[in-house]
Amino acid sequence: MTAFTNKGCPPNVAGMTIAFFGAGKMASALIQGLLRSGICQPGDITAASPDPSHLKALQDSTGIHVTASNSEAARAADAAILCVKPKEAAAALAQASPELDGKLLLSIAAGLRLSTLKKSAPASRIVRAMPNTPALVGKSATAYAAAPEATALDIAMVERIFSSIGEVHAVEENLIDAVTAVSGSGPAYIFLVIEAMTEGGIRCGLPASLAQRLAIQTVAGAGELCLQTGEDPATLREMVTSPGGTTAAALATLEKHGVRSAFIEAIQAAERRAVELSGE
Ligand SMILES: NC(=O)c1ccc[n+]([C@@H]2O[C@H](COP(=O)([O-])OP(=O)(O)OC[C@H]3O[C@@H](n4cnc5c(N)ncnc54)[C@H](OP(=O)(O)O)[C@@H]3O)[C@@H](O)[C@H]2O)c1
Numbered sequence: 046m047t048a049f050t051n052k053g054c055p056p057n058v059a060g061m062t063i064a065f066f067g068a069g070k071m072a073s074a075l076i077q078g079l080l081r082s083g084i085c086q087p088g089d090i091t092a093a094s095p096d097p098s099h100l101k102a103l104q105d106s107t108g109i110h111v112t113a114s115n116s117e118a119a120r121a122a123d124a125a126i127l128c129v130k131p132k133e134a135a136a137a138l139a140q141a142s143p144e145l146d147g148k149l150l151l152s153i154a155a156g157l158r159l160s161t162l163k164k165s166a167p168a169s170r171i172v173r174a175m176p177n178t179p180a181l182v183g184k185s186a187t188a189y190a191a192a193p194e195a196t197a198l199d200i201a202m203v204e205r206i207f208s209s210i211g212e213v214h215a216v217e218e219n220l221i222d223a224v225t226a227v228s229g230s231g232p233a234y235i236f237l238v239i240e241a242m243t244e245g246g247i248r249c250g251l252p253a254s255l256a257q258r259l260a261i262q263t264v265a266g267a268g269e270l271c272l273q274t275g276e277d278p279a280t281l282r283e284m285v286t287s288p289g290g291t292t293a294a295a296l297a298t299l300e301k302h303g304v305r306s307a308f309i310e311a312i313q314a315a316e317r318r319a320v321e322l323s324g325e
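What the sequence shown shows, in this note's numbering, is residues 46 to 325, in sequence order.
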């Protein structure tokens with residue numbers, strides 16, 4: 046598994062033209078990341094989607110080309126990114142597939158396996174990825190798996206695209222369901238933690254808005270501390286836990302209620318569900 050940042054990226058992926066199938070939340074996040082990081086200029090990108098009002102809004106805010114036709118978008122592009130809901134993927138690819146021959150097709154559709162995508166776009170070089178919603182603020186945790194036909198340039202391009210919205214890791218495809226369980230669905234677990242910390246603060250007398258703000262900043266700050274120090278989370282936890290102190294009292298209560306094992310089992314349940322949804 047490799048972690049990737051912009052540093053050290055091969056320079057030869059810039060200037061490629063990209064088609065987006067779908068103009069929703071994830072497509073917008075990726076387009077904004079590509080433009081913000083300078084990997085693409087607005088004229089390099091064409092987004093296709095059935096709803097003209099969504100396309101208009103995206104065009105007005107970014108200056109990219111838009112079209113109602115996936116096929117037209119694909120024809121003008123060196124590579125395509127599939128950003129539609131999984132149930133819409135077959136229809137989107139059926140329209141565009143002839144224009145994707147010999148091109149990179151990057152899919153972020155949850156649960157769609159490389160082998161399934163290959164049936165819809167047999168002559169494409171396919172890569173499958175799982176970003177998460179912090180992509181909307183440039184903080185995604187993304188992992189991807191590439192089909193054997195993907196070239197070194199395809200991989201460089203995929204890594205550059207996802208590094209524009211956060212951090213990216215290469216994995217074997219059999220780990221994508223586990224990635225979905227940890228980071229794809231993970232933001233929801235942390236939102237639950239924020240909700241619970243807020244409720245606890247309110248019960249202890251804090252105004253709701255202050256309790257929520259403190260909880261959010263604490264989660265963001267704790268994550269940043271892990272990232273910036275590179276310390277193991279267990280070490281950082283022990284550093285703030287004095288014997289007999291307030292943190293020790295809280296952690297003992299969390300362990301008594303099985304919070305650690307609940308998180309572990311939750312992630313295993315999400316992984317099982319991801320396997321079921323992708324039809325295996
Ligand atoms: N959100 C997440 O946390 C997350 C994380 C990882 C992966 N993903 C994956 O990312 C994909 C997109 O998710 P999203 O949250 O961005 O969904 P979304 O906001 O609902 O966007 C879906 C887009 O697809 C368009 N669309 C529908 N049918 C189409 C077709 N035949 N051709 C072209 N475009 C079509 C929709 O257009 P209309 O609005 O006109 O219907 C909409 O613009 C999904 O497959 C999801 O599994 C999402």
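Using N, Cα and C, we set each Cβ at its ideal position, and we do this for glycine too.
Contact belief for residue i with residue j at Cβ below 8 Å, rounded distance in angstroms
{"i": "A121", "j": "T62", "result": "6 Å"}
Exposed unless 16 or more other CB atoms sit within 10 angstroms - verdict on residue i
{"i": "N219", "result": "exposed"}
{"i": "A279", "result": "exposed"}
{"i": "M46", "result": "The pLDDT assigned to M46 is 41, lower than 50, so where the model puts this residue is not dependable, and the model offers no usable value."}
{"i": "A295", "result": "exposed"}
{"i": "H214", "result": "buried"}
{"i": "D199", "result": "buried"}
{"i": "L100", "result": "buried"}
{"i": "T292", "result": "exposed"}
{"i": "R81", "result": "exposed"}
Alpha carbon of residue i to alpha carbon of residue j, nearest angstrom
{"i": "A166", "j": "G108", "result": "29 Å"}
{"i": "V224", "j": "M175", "result": "7 Å"}
{"i": "A93", "j": "P288", "result": "58 Å"}
{"i": "A68", "j": "E283", "result": "45 Å"}
{"i": "V203", "j": "L151", "result": "8 Å"}
{"i": "V320", "j": "R173", "result": "15 Å"}
{"i": "C85", "j": "G60", "result": "6 Å"}
{"i": "F66", "j": "P252", "result": "44 Å"}
{"i": "Q273", "j": "L145", "result": "41 Å"}
{"i": "S142", "j": "V129", "result": "15 Å"}
{"i": "L270", "j": "A191", "result": "32 Å"}
{"i": "I239", "j": "S116", "result": "43 Å"}
Boundaries of the alpha helix (DSSP H) in which residue i is found, first to last residue
{"i": "H214", "result": "Not the alpha helix (DSSP H): H214 falls in the beta strand (DSSP E), residues 211–215."}
{"i": "T286", "result": "Here T286 belongs to no alpha helix (DSSP H), and DSSP marks it neither H nor E."}
Element boundaries [beta strand (DSSP E), containing residue i]
{"i": "A186", "result": "185–191"}
{"i": "M175", "result": "170–175"}
{"i": "H302", "result": "Element bounds for H302: n/a, residue is neither H nor E."}
{"i": "V111", "result": "110–112"}
Contact test: residue i Cβ vs ligand 1 heavy atom, cutoff 7 Å
{"i": "D369", "result": "Nothing about residue 369 can be reported from this structure: the residues present for the chain run from 46 to 325 only."}
{"i": "A72", "result": "yes"}
{"i": "K301", "result": "no"}
{"i": "N115", "result": "yes"}
{"i": "K130", "result": "yes"}
{"i": "G69", "result": "yes"}
{"i": "H99", "result": "yes"}
{"i": "G229", "result": "yes"}
{"i": "F308", "result": "no"}
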